[in-house]
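**Q** Sharing a structure with you now.
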Amino acid sequence: MRHPLTARQLGLIRCHTCGKLAFDIGHDDYEEHCPRCHAHMHMRASNSLSRTWAMLITAAVLYVPANVLPIMTVTYFGAGEPDTIMSGIILLLQLGSYPIAAVIFIASILVPLLKMVALLILLLSVHLKWSLDDRQRTRLYRAVEMVGRWSMLDMFVIALLVALVNFGSLAQIVSGPGATAFGSVVVLTMLAATTFDARLIWDKEDTDG
Amino acid sequence: MSPQDNIQSLTSIPENWIACKDCDLLIERMDATPGDRALCPRCANPLYQPRENSIERTLVLAITGLLLFLPANLLPVMYLHIVGQESTTTIYKGSLVLFQEGLYWTALLVFFASIAVPLCKLLLVAFVSGCLYLQRSSTLLPYAFRYYHYLDEWGMLEVYMLGVLVAVVKLKGMASVVPGIGLYCFIALLLVATTMSSLLDEDSFWRKIEQGLKDRPR
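Structural data, given as structure tokens:
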């Protein structure tokens with residue numbers, strides 16, 4: 021079998037937005053536009069690794085307040101205390117709603133954490149040229165890209181609850197600062213996944229081979 | 008003519024060449040019929056997936072979605088009863104209350120993911136597939152479809168739906184919850200929007216947009 025040939029090896033750029041192939045005219049970034057959709061064209065997403073690092077580190081820092089600060093306070097007949105993401109899950113377990121508790125645990129705690137670990141592995145593997153299976157790494161990247169949005173679940177739950185439960189001293193749900201931190205974590209990890217250019221995973225093999 | 012035969016003599020890019028989004032492999036496009044799905048031979052990334060009557064179907068679904076949009080967002084999603092008192096909520100009221108409570112960033116995020124982005128996606132698809140259906144070409148088409156592509160992953164109706172279910176379960180112990188007419192409209196909107204996205208053949212849309220602009224009388 022002949023060695024696989026990439027667009028870059030023939031001096032072609034694939035538009036990251038619409039998929040059109042064009043000749044690389046050798047300009048700096050932001051000077052070449054896609055002939056079809058007019059988006060900026062880059063051989064590889066510019067500063068992909070540094071941008072992904074920046075967003076990943078910010079997300080990791082914000083993950084702490086997201087889990088420590090209360091996301092909402094439920095007051096019922098005058099009694100109630102602030103809930104963090106984890107205490108909300110424990111409360112659901114005590115009420116016996118195991119499936120819902122599991123859904124929130126996966127969406128709010130596990131997915132953001134695994135996403136950050138996966139991005140860390142991808143970044144390190146490109147930097148340190150780890151010889152991991154490229155196909156598996158691409159699959160990992162695609163999984164990260166796909167599941168990220170589901171972490172927004174808790175934000176929507178909060179939005180619904182604060183609007184719905186508003187009976188003054190009888191029963192009231194108020195949002196907390198943890199929600200802001202958590203929302204930022206979700207957005208930052210989604211952006212980090214978008215800025216990471218999966219083609220970097222394959223570039224090593226293509227230049228060595 | 009396959010990419011491997013052309014290393015020396017490349018003066019123009021053959022129409023049937025494509026490159027994989029995730030691994031940059033050059034591939035020759037093959038004839039595919041609706042129902043087929045072309046995967047990258049190296050990294051297994053989906054390359055293109057032809058859809059039957061993609062333009063007509065997405066146009067119809069986008070218009071249906073736009074009709075459902077106002078009722079889904081303005082009619083009550085749920086009624087809540089606590090000792091004789093009643094309260095309701097709508098989709099937009101959630102972000103409004105968060106905004107009033109001072110969580111501006113969170114409110115904006117919820118507003119974008121559940122209202123603004125889904126609406127923009129419907130409008131953009133209605134415009135693009137409408138133009139393609141009527142065989143009208145416009146220099147705005149590439150921009151409109153580009154923004155659809157950028158917005159795609161930020162519309163989160165299906166996540167919102169799961170959020171509604173979780174909220175109902177959380178409130179179960181506290182009060183009685185009754186679904187409102189808005190919820191049914193929202194579920195319909197969700198189904199329409201999801202079907203629209205999956206029936207949209209991005210690859211053929213781009214090629215038709217390009218062809219339309221090329222054929223335009225100057």
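Protein sequence lines correspond, in order, to chains A and B.
In my numbering, each residue carries its 1-based index in the first sequence increased by 20.
In my numbering, each residue carries its 1-based index in the second sequence increased by 7.
Every residue gets a Cβ at the ideal spot worked out from N, C-alpha and C, and that includes glycine.
From a predicted model like this one, the values you see are computed outputs, not experimental measurements.
1. Nearest by alpha-carbon distance to G180 (chain B): which of A:V164, A:L139, A:L111 and A:L32 is it?
2. With DSSP run on the structure shown, which of helix, strand or coil describes I45 (chain A)?
3. So with Cβ pairs under 9 Å, would you call M210 (chain A) a contact of chain B?
4. Distance cutoff 9 Å, beta carbons only. Does S66 (chain A) sit that close to anything in chain B?
5. Nearest chain B C-beta to L32 (chain A) closer than 9 Å, yes or no?
6. Give the interface partners of I62 (chain B) over in chain A, defined as CB-CB distance under 8 Å, in chain order.
7. In the DSSP output, which residue or residues are listed as bridge partners for P186 (chain B)?
8. Is the separation between the beta-carbon of Y111 (chain B) and that of D210 (chain B) shorter than 9 Å?
9. My output table needs one value for M92 (chain A): the three-state DSSP class, helix, strand or coil.
10. Within the chosen definition, does the segment 166-186 of chain B reach the segment 84-99 of chain B through at least 3 CB pairs nearer than 8 Å?
11. Mind listing which residues of the segment 65-94 of chain B have their C-beta closer than 8 Å to chain A's C-betas, in chain order?
12. Quick one: residues in its chain with C-beta nearer than 6 Å to the C-beta of F125 (chain A), no 5 flanking neighbours on either side, listed in chain order?
13. Using a C-beta cutoff of 9 Å, does T158 (chain A) count as contacting chain B?
14. Please list the partners that V164 (chain A) has in chain B, where partner means a Cβ-to-Cβ separation under 7 Å.
15. The alpha helix (DSSP H) that contains Q107 (chain B), what's its start and end?
16. Identify whether S195 (chain A) lies in helix, strand or coil by the three-state DSSP scheme.
17. For N186 (chain A), which beta-bridge partners are listed by DSSP?
18. N87 (chain A) versus chain B: which residues are under 9 Å apart at the beta carbon?
19. Which same chain residues, not among the five before or five after G196 (chain A), have their C-beta less than 7 Å away from its C-beta?
20. Is DSSP giving A39 (chain B) helix, strand or coil here?
21. Confirm, please, whether the CB-CB distance from V176 (chain B) to S128 (chain A) is below 9 Å.
22. Which residues of the segment 91-123 of chain A have a Cβ closer than 9 Å to any Cβ of chain B? Give them in chain order.
23. Report the rounded CA-to-CA distance for R162 (chain A) versus A99 (chain A), giving the unit in angstroms.
24. Let me check understanding here. Comparing Cα to Cα, which of B:E63, B:S94 and B:V84 lies closest to L190 (chain A)?
**A** In brief:
1. Counting from one through the second sequence, the residue named residue 180 (chain B) turns up at place 173. Minimum Cα distance to G180 (chain B) is reached at A:L111.
2. Position 25 of the first sequence holds residue 45 (chain A). Three-state DSSP puts I45 (chain A) in coil, outside helix and strand.
3. Within the first sequence, the letter at position 190 stands for residue 210 (chain A). Yes, M210 (chain A) lies at the interface with chain B (some Cβ there is under 9 Å from its Cβ).
4. Against the first sequence, residue 66 (chain A) aligns to sequence position 46. No, its Cβ sits nowhere closer than 9 Å to a Cβ of chain B.
5. The sequence position of residue 32 (chain A) within the first sequence is 12, counting from 1. Output row for L32 (chain A): interface = yes.
6. The count along the second sequence starts at 1 and reaches residue 62 (chain B) at position 55. Per Cβ cutoff of 8 Å: no residues; I62 (chain B) is ~17 Å from chain A at best.
7. One-based indexing of the second sequence puts residue 186 (chain B) at position 179. P186 (chain B) is bridged to B:M85.
8. Counted from its first residue, the second sequence places residue 111 (chain B) at position 104. Counted from its first residue, the second sequence places residue 210 (chain B) at position 203. No, the Cβ-Cβ distance between Y111 (chain B) and D210 (chain B) is not below 9 Å.
9. Translated into the one-based positions of the first sequence, residue 92 (chain A) becomes position 72. Of the three classes helix, strand and coil, the one that applies to M92 (chain A) here is strand, per DSSP.
10. yes
11. V84, M85, L87, I89, V90, Q92 and S94
12. Along the first sequence, one-based indexing puts residue 125 (chain A) at 105. I109.
13. As a working mapping, residue 158 (chain A) is identified with position 138 in the first sequence. Yes, because at least one Cβ of chain B sits closer than 9 Å to the Cβ of T158 (chain A).
14. Translated into the one-based positions of the first sequence, residue 164 (chain A) becomes position 144. By Cβ distance, chain B contributes nothing, its closest Cβ being about 12 Å from V164 (chain A), past 7 Å.
15. In the second sequence, residue 107 (chain B) corresponds to position 100, counting from 1. I98 to Q107 is the span of the alpha helix (DSSP H), which, as asked, contains Q107 (chain B).
16. By 1-based counting over the first sequence, the position of residue 195 (chain A) is 175. Strand, per DSSP.
17. Position 166 of the first sequence, counted from the start, is the residue given in the question as residue 186 (chain A). DSSP output for N186 (chain A) lists A:Q192 as bridge partner(s).
18. Here residue 87 (chain A) refers to the residue found at position 67 of the first sequence. Neighbours of N87 (chain A) on chain B: none; closest Cβ ~16 Å, over 9 Å.
19. Taking the first residue of the first sequence as 1, we reach residue 196 (chain A) at position 176. L89, P90, I91, M92, T93 and P102.
20. On the second sequence, residue 39 (chain B) is found 32 positions in, with the first residue counted as 1. The answer is coil: DSSP assigns A39 (chain B) none of H, G, I, E or B.
21. As a working note, residue 128 (chain A) is residue 108 in the first sequence. As a working note, residue 176 (chain B) is residue 169 in the second sequence. Cβ atoms of S128 (chain A) and V176 (chain B): not closer than 9 Å.
22. V94, Y96, G108, L111, L112, L115, S117, P119, I120 and V123
23. The residue you call residue 162 (chain A) lines up with position 142 of the first sequence. The residue you call residue 99 (chain A) lines up with position 79 of the first sequence. Straight-line Cα distance between these residues: approximately 45 Å.
24. Along the first sequence, one-based indexing puts residue 190 (chain A) at 170. Closest option to L190 (chain A), Cα to Cα, is B:S94.
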